[in-house]
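So the sequences go chain by chain: E and Y. Using numbering that gives the first Met the number 0, read the first sequence as starting at 0 and increasing by one per residue. Using numbering that gives the first Met the number 0, read the second sequence as starting at 0 and increasing by one per residue. Every residue gets a Cβ at the ideal spot worked out from N, C-alpha and C, and that includes glycine. Comments concern the structure below.
Protein chains: 2
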Amino acid sequence: MSISIAIVEDLEAVRNGLKDFISLSTDFLVVGVFKTGEEALAELPHITPDIVIMDINLPGMNGIECIRRVKDKSPGTQFMMFTVYENDEKVFEALKAGASGYLLKNTGLLEIVESVKELHEGGSPMSANIARKIVNLVRDTGKETAFMDVLSPREKEILKLLAKGLLYKEISHQLQITTGTVRIHIHKIYEKLHVQNRTEAINKAFGK
Amino acid sequence: MSISIAIVEDLEAVRNGLKDFISLSTDFLVVGVFKTGEEALAELPHITPDIVIMDINLPGMNGIECIRRVKDKSPGTQFMMFTVYENDEKVFEALKAGASGYLLKNTGLLEIVESVKELHEGGSPMSANIARKIVNLVRDTGKETAFMDVLSPREKEILKLLAKGLLYKEISHQLQITTGTVRIHIHKIYEKLHVQNRTEAINKAFGK
DNA sequence: GAGGGAGTATTACGAAAGTTATATTGGATC
DNA sequence: GATCCAATATAACTTTCGTAATACTCCCTC
Numbered sequence: 000m001s002i003s004i005a006i007v008e009d010l011e012a013v014r015n016g017l018k019d020f021i022s023l024s025t026d027f028l029v030v031g032v033f034k035t036g037e038e039a040l041a042e043l044p045h046i047t048p049d050i051v052i053m054d055i056n057l058p059g060m061n062g063i064e065c066i067r068r069v070k071d072k073s074p075g076t077q078f079m080m081f082t083v084y085e086n087d088e089k090v091f092e093a094l095k096a097g098a099s100g101y102l103l104k105n106t107g108l109l110e111i112v113e114s115v116k117e118l119h120e121g122g123s124p125m126s127a128n129i130a131r132k133i134v135n136l137v138r139d140t141g142k143e144t145a146f147m148d149v150l151s152p153r154e155k156e157i158l159k160l161l162a163k164g165l166l167y168k169e170i171s172h173q174l175q176i177t178t179g180t181v182r183i184h185i186h187k188i189y190e191k192l193h194v195q196n197r198t199e200a201i202n203k204a205f206g207k
Numbered sequence: 000m001s002i003s004i005a006i007v008e009d010l011e012a013v014r015n016g017l018k019d020f021i022s023l024s025t026d027f028l029v030v031g032v033f034k035t036g037e038e039a040l041a042e043l044p045h046i047t048p049d050i051v052i053m054d055i056n057l058p059g060m061n062g063i064e065c066i067r068r069v070k071d072k073s074p075g076t077q078f079m080m081f082t083v084y085e086n087d088e089k090v091f092e093a094l095k096a097g098a099s100g101y102l103l104k105n106t107g108l109l110e111i112v113e114s115v116k117e118l119h120e121g122g123s124p125m126s127a128n129i130a131r132k133i134v135n136l137v138r139d140t141g142k143e144t145a146f147m148d149v150l151s152p153r154e155k156e157i158l159k160l161l162a163k164g165l166l167y168k169e170i171s172h173q174l175q176i177t178t179g180t181v182r183i184h185i186h187k188i189y190e191k192l193h194v195q196n197r198t199e200a201i202n203k204a205f206g207k
């Protein structure tokens, strides 16, 4: 049983190159080729291929938005990004949208084919520096932002308790100081972070 | 210039196998071999190898804790996990601690060597299903938790505004309803989530 | 040893948040 | 047609939060 593939790519040369090369292998069957996200969105839910190779920079709807919408209708289909973008935001967005693999356009045809196989077997093939970006993303999740640096150790301690949803009096009890002092600390925290309330402070200190 | 490698692994057979095979290549120089995290922690900061291949399950200090501590002292050293663990928590912890690559112990020696090279060149080599786990981790960051399901659409809408730090009156203005109504909605949200205030609700609805 | 910052504290006030009770409307269910 | 629930609203009330001004101590630096 061969792996069914669709390709969404606006550049004719790239599109045909991919299609022709992939078609050489009996492991694959190219079941759809689209120039725009709109076309792909209209057809993919009916074709339900195993894998979609998706460009990001398309005329009209971009590839990420296209994944988001197709994923809704055909949750079984897996997406391989194929793009020149290697900035953090695009990578992050693509994964959030539901992409499981991410290859840069300088990837060789042979490696692309290997990666599609790996994707189909439940892996998440990515170009080397994309993988590193993703690892760094995970490493930094929930990490304190640079804004925390302007706070004193005591202020950081209090902000962390504040972030847990504790009342002033609970904080004061835990730290063995008066609620008045807690109030002062928190007021200074707000000043330093340029915010007006607890929630804004938490968002600012711990990246949204 | 060859890549300097250290190995931390308690099982003698694995340890020696790695060391001997890696030493075969002139690209690498094994500069340290340790049986425990404690030994590694004592020596690694002085050796400062390019790469450390690190087991997780060690007697005494585990490999993740070991990375955390060594990373503090030698930020330039990169770590490759080499372990049987493939559960989400261990993978997540390892990356948080500062590991940049993650191989399972069923990986072939040749692939290990290739992965170490890739790591050294700034990539993040991982076994296929580990990569998928990490991608899924990123996909799910900041996602609403199951608690959100008990809320009505309107309540979800209000909770999202609440999470941005808006005042009741700002929310009421934005939704064109009275602050009294906002108050009621929020009160019901708290009831349904079994919490007493805004911050607790946010933490519960959007996984910490 | 004078100055500055961090941490502590007190008092006072106004704004915002959260609780409780009651009520109307409209849509869905039975 | 009756019942239930979501969404809306009003009113009265308590608690918590946030702002402001002032002050003392300790520690570090110049």
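Item                                                                                                   : Value
Candidates E:I176, E:H172, E:Q175, E:A162, of which the one nearest N196 of chain E by Cα              : E:A162
7 Å Cβ shell around S22 of chain E - same chain, five flanking residues per side excluded              : V29
Between the CA atoms of S73 of chain E and G97 of chain E - distance to the nearest angstrom           : 11 Å
R173 of chain Y - containing alpha helix (DSSP H), residue span                                        : According to the sequence as given, residue 173 of chain Y is Gln; it is not Arg. Unbroken alpha helix (DSSP H) run through Q173 of chain Y: 167-174.
Beta-carbon neighbours of N196 of chain Y, restricted to chain E and to distances below 7 Å            : G164
Interface partners of M60 of chain E on chain Y, CB under 9 Å                                          : The premise fails here: M60 of chain E is roughly 20 Å from chain Y at the closest Cβ pair, so nothing lies under 9 Å.
Enclosing alpha helix (DSSP H) for A200 of chain E [first to last residue]                             : 197-204
Contacting positions in the segment 124-136 of chain Y - beta carbon closer than 9 Å to chain E        : P124, M125, S126, A127, N128, I129, A130, R131, K132, I133, V134, N135, L136
I170 of chain E versus E154 of chain E: straight-line alpha-carbon distance, rounded                   : 12 Å
Pairwise C-alpha distance: K187 of chain Y and V7 of chain E                                           : 46 Å
Bridge-paired residues (DSSP) for F33 of chain Y                                                       : Y:V7
Short CB-CB distance (under 9 Å) between K207 of chain Y and chain E                                   : yes
Chain E within 9 Å of T138 of chain Y, Cβ atoms only                                                   : The question names Thr, but residue 138 of chain Y in the sequence shown is Arg. It does; some Cβ of chain E falls within 9 Å.
Proximity test, Cβ basis, 9 Å: N105 of chain E and chain Y                                             : no
Segment limits, alpha helix (DSSP H) that includes F91 of chain E                                      : 87-96
For L102 of chain Y, the residue or residues it bridges with in DSSP                                   : Y:F81
CB contact flag (S126 of chain E, T106 of chain E, <9 Å)                                               : yes
F27 of chain Y - partner residues in DSSP beta bridges                                                 : Y:I2
Closest by C-alpha distance to T198 of chain E, when choosing among Y:E42, Y:K34, Y:Y167               : Y:Y167
CB-CB length for G36 of chain E against G62 of chain E, believed under 8 Å                             : 6 Å
9 Å Cβ cutoff met for L109 of chain Y and T82 of chain Y                                               : no
Positions along the segment 91-103 of chain Y whose CB lies within less than 9 Å of some CB in chain E : F91, L94, K95, A96, G97, A98, S99, G100, Y101
Opposing strand residues paired with M60 of chain Y [DSSP bridges]                                     : Beta-bridge pairing links M60 of chain Y to no other residue.
E120 of chain Y versus L40 of chain E - alpha carbon distance                                          : 38 Å
Under 8 Å by beta carbon: chain Y residues contacting E120 of chain E                                  : A127
Interfacial residues, the segment 78-90 of chain Y to chain E, with Cβ spacing under 8 Å               : none
Where E117 of chain E meets chain Y, residues with beta-carbon distance less than 9 Å                  : A127, A130
Residues within the segment 40-67 of chain Y neighbouring chain E, beta-carbon criterion of under 8 Å  : none
Cutoff 9 Å: E199 of chain E Cβ touching any chain Y Cβ                                                 : yes
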